[in-house]
Amino acid sequence: MQANIDLQGLRVGITGGTSGLGLALVRQLAEKGASIAFVARTAANVGRVAAETGAQPAPKPLAPRRDGRLEPKPRKGAARHRGIGAWRSHR
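Residue numbers (the working numbering): 435 to 525.
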């Protein structure tokens, strides 16, 4: 059962937005009217996801660090997207 939720006007940032759970979130939230900014480790599928969903990719792909975390930090893109109201990050 899917809830009929209108997310019009909500700005959401999603990491891992080109595959798996991140991609599913980008698709579902965009379908419900949210404004999406997403980041990914590689640029290979970024254009396809942006064209398919209308979501805005971050200006640069994320780079893995030695400790397994990714750089740059996703919140740096918030100013570019005028105050993202929610970030969804997953591992």
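Yeah, the Cβ is synthetic: ideal placement off N, Cα and C, and Gly gets one too.
Would you call residue i buried or exposed, if buried means 16 or more other Cβ atoms sit within 10 Å of its Cβ?
{"i": "I470", "result": "buried"}
{"i": "G454", "result": "exposed"}
{"i": "Q443", "result": "With the sequence shown as reference, residue 443 is identified as Gly, and Gln is not the correct amino acid for it. The residue in question, G443, is exposed, as its Cβ has fewer than 16 Cβ neighbours within 10 Å."}
In whole angstroms, what is the alpha-carbon distance linking residue i and residue j?
{"i": "A489", "j": "T452", "result": "11 Å"}
{"i": "A458", "j": "V480", "result": "14 Å"}
{"i": "T487", "j": "D501", "result": "32 Å"}
{"i": "A478", "j": "N438", "result": "33 Å"}
Output needed for residue i: all residues of its chain with C-beta closer than 8 Å, excluding positions within five of it in sequence on either side, in chain order.
{"i": "D440", "result": "K466, G467"}
Where does the unbroken alpha helix (DSSP H) through residue i begin, and where does it stop?
{"i": "A484", "result": "480 to 487"}
{"i": "R461", "result": "454 to 465"}
Beta-carbon within less than 7 Å of residue i's beta-carbon, same chain only, minus the 5 sequence neighbours each way: which residues are those?
{"i": "S463", "result": "In the sequence as displayed, the identity of residue 463 is Leu instead of Ser. Cβ within range, chain order: L441, V446, I470."}
{"i": "R482", "result": "none"}
{"i": "V460", "result": "I448, G451, I470, F472, V483, T487, A489"}
Along the chain, where does the beta strand (DSSP E) that runs through residue i open and close?
{"i": "I470", "result": "469 to 473"}
{"i": "R445", "result": "445 to 449"}
Please go through the same chain and pick out, in chain order, the residues whose beta-carbon is closer than 6 Å to the beta-carbon of residue i, but skip the five residues on each side of it.
{"i": "A484", "result": "P491"}
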